[in-house]
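All remarks here apply to the structure that follows.
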Amino acid sequence: DEAVEKIHSYGVHTGLRSNLIGAAQLLVAIDRARSTEALKLFAEAVDRSPRDPWELLEIGSLMVGIGTSGEIGPMANEGVKVLEKAAQVEPASGIIHSRLAMAYAALGRYQDALRTILEAAKLSPRSVVLARLASELLANQGRAQEAVTWEAEAKKREAAAAASRPAQQGQP
């Protein structure tokens, strides 16, 4: 396609990775049948950022979003692989693990989602949101006692966050 060739001709100094991502999104938005071409562009963008976890997070999240919203299964599955790579590059990131968990859940991979959200909640010990997500996923899988434990953890985190905030002016 002429537009894709033109993007490649710009070169790295023009933000080629961003242009590749934009072109991939545009291809799918215009014509879902061009998802194979879009996948190639996303793969090229990943190849240009193989060790940058935040770039990989952005690309993988876009791919999963496009894949699940438009029922383009291969796009979502490839996006999960990119998110898994981001988690390998930055294993201590609760943010990356939480995005990966949500991607797993979107694809119906609930055991993987649960394992990964629990990891994210442990990696982010102050996150109330992640503790609540862990509780919800556990409850949805019929693991009520563990869900109660994580909901209690969420309340504990919420109380700790409230206690650490400075008192507002005019209030005790």
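Take 1 as the starting number for the sequence shown in our numbering and just add one per residue.
Just so it is clear, CB atoms sit at the ideal spot from N, CA and C, and this is done for glycine as well.
Keep in mind it's a predicted model, so treat the numbers as computed, not measured.
6 Å Cβ shell around residue i - same chain, five flanking residues per side excluded
i, result
"P61", "In the sequence on display, residue 61 carries Ser and not Pro. So the list reads R99, once near-sequence residues are dropped."
"A103", "V64, V80, L83"
"A198", "In the structure as shown, the chain starts at 1 and stops at 172, and residue 198 therefore has no counterpart that could be examined."
Enclosing alpha helix (DSSP H) for residue i [first to last residue]
i, result
"E146", "144-164"
Spatially closest choice to residue i from the options, by CA coordinates
i, options, result
"A76", "L41, K122, G67", "G67"
"H97", "V82, G79, A131, T116", "T116"
"S49", "V128, E146, K85, S69", "K85"
"R126", "A38, K155, P74, A43", "K155"
"A162", "E37, V128, R132, P53", "V128"
"G142", "R165, L114, D47, W54", "L114"
"E55", "A87, P74, T36", "A87"
"P74", "Q145, E153, A43, E151", "A43"
Other residues of its chain near residue i: CB distance less than 8 Å, five sequence neighbours each side excluded
i, result
"R51", "V89"
"L123", "A92, S93, G94, H97"
"A106", "V64, T68, A76"
"A160", "R126"
"G157", "Reading the sequence as shown, one finds Arg at residue 157 and not Gly. For R157, where only same-chain residues beyond five positions count, the Cβ hits under 8 Å are P125, R126, S127, V128, A131."
"Y110", "Y104, L137, N140, Q141"
"E151", "A131, R132, S135"
Close-in-space but distant-in-sequence residues of the same chain around residue i (CB under 7 Å, 5 per side omitted)
i, result
"D112", "Y104"
"E119", "H97"
"A147", "S135, L138, A139"
"A101", "A113, T116, I117, A120"
"G108", "none"
"P53", "A86, V89, E90, S93, I96"
"I30", "Here the model assigns I30 a pLDDT of 46, short of 50, so the residue's position is not dependable and the matter cannot be decided."
Chain C within 7 Å of residue i, Cβ atoms only
i, result
"K85", "Protein chains in the displayed structure number just one, and chain C is not present."
Cβ-heavy atom distance, residue i to the ligand ZN, below 6 Å
i, result
"A103", "With respect to small molecules bound, the structure shown includes none, and the ligand ZN cannot be examined in it."
What residue ranges within the region 70-151 form continuous alpha helix (DSSP H) runs of no fewer than 4 residues, ordered along the chain?
73-89, 94-106, 110-123, 128-140
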